[in-house]
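Residues -15 to 122 (this note's numbering) are what the sequence shown spells out, left to right.
C-beta atoms are modelled at their ideal positions from N, C-alpha and C, and glycine is treated no differently.
In this text, all values refer to a predicted model and were calculated from it rather than measured experimentally.
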Amino acid sequence: MSQRTFSIIKPDAFRKGHAGAILAEIEKAGFRIVAIKKMSISKTQAEGFYYVHKERPFFPSLTTFMSSGPMIAMVLEKGNAIADLRKLMGATNPANAEEGTIRKKFAGSIEENAIHGSDAEDTAKFEIGYFFAGYELA
Ligand code: ATP
Ligand code: MG
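This is how it looks when you write it as structure tokens:
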């Protein structure tokens, strides 16, 4: 059964010119791009996206980073998309990320870690709806 997940090529990776290489990894791993757009978000919009982390000490810095420049938002589809993307991304902290993962290759730090991927069915649904309208997913 195919499944959809939400992903962001974060502002650090976009700024460094890694968007194309990261998309190539995603396609090579068998994901279909359902929807994709380059966008810049405000600090308030970043706070809404990462609201689950609002009590964490890194929340102010994370939301400043996510609103610091253009990023690529996308909806991806394949069987087991949510878990498979998390595996392809690697650990949150690139120092702990496995060889061959996107974060191992492209992340600079635990915060500026190149890519986001939804962590469960319910968060994928929320995140897709946060950034994409129904007509963009047809
Ligand atoms: P994401 O939700 O972006 O896919 P994740 O699920 O691997 O990443 P989370 O715990 O959900 O990690 O944290 C969300 C984001 O917050 C991380 O990707 C990273 O950018 C930032 N972050 C997490 N932990 C820290 C930390 N200790 N210090 C600074 N930033 C952090
Ligand atoms: Mg997360």
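Bounds of the alpha helix (DSSP H) holding residue 109 are 105 to 115. Across the structure, residue 16 and residue 114 are spaced so that their CA atoms are roughly 20 Å apart.
Every alpha helix (DSSP H) stretch that sits fully inside the segment 4 to 65 and reaches 4 residues is listed by chain position as 27 to 33, 43 to 50. The three-state reading of DSSP puts residue 101 in strand, counting E and B together.
Nearest in C-alpha terms to residue 3, of all of 122, 120, 86, is 86. Rounded to the nearest angstrom, the Cβ distance from residue 112 to residue -1 is 25 Å, too far for a contact under 8 Å. By the 16-neighbour rule on beta-carbons within 10 angstroms, residue 44 is exposed. Here residue -8 carries a strand assignment [DSSP, helix/strand/coil].
Of the candidates 97, 90, 120, 97 places its Cα closest to the Cα of residue 46.
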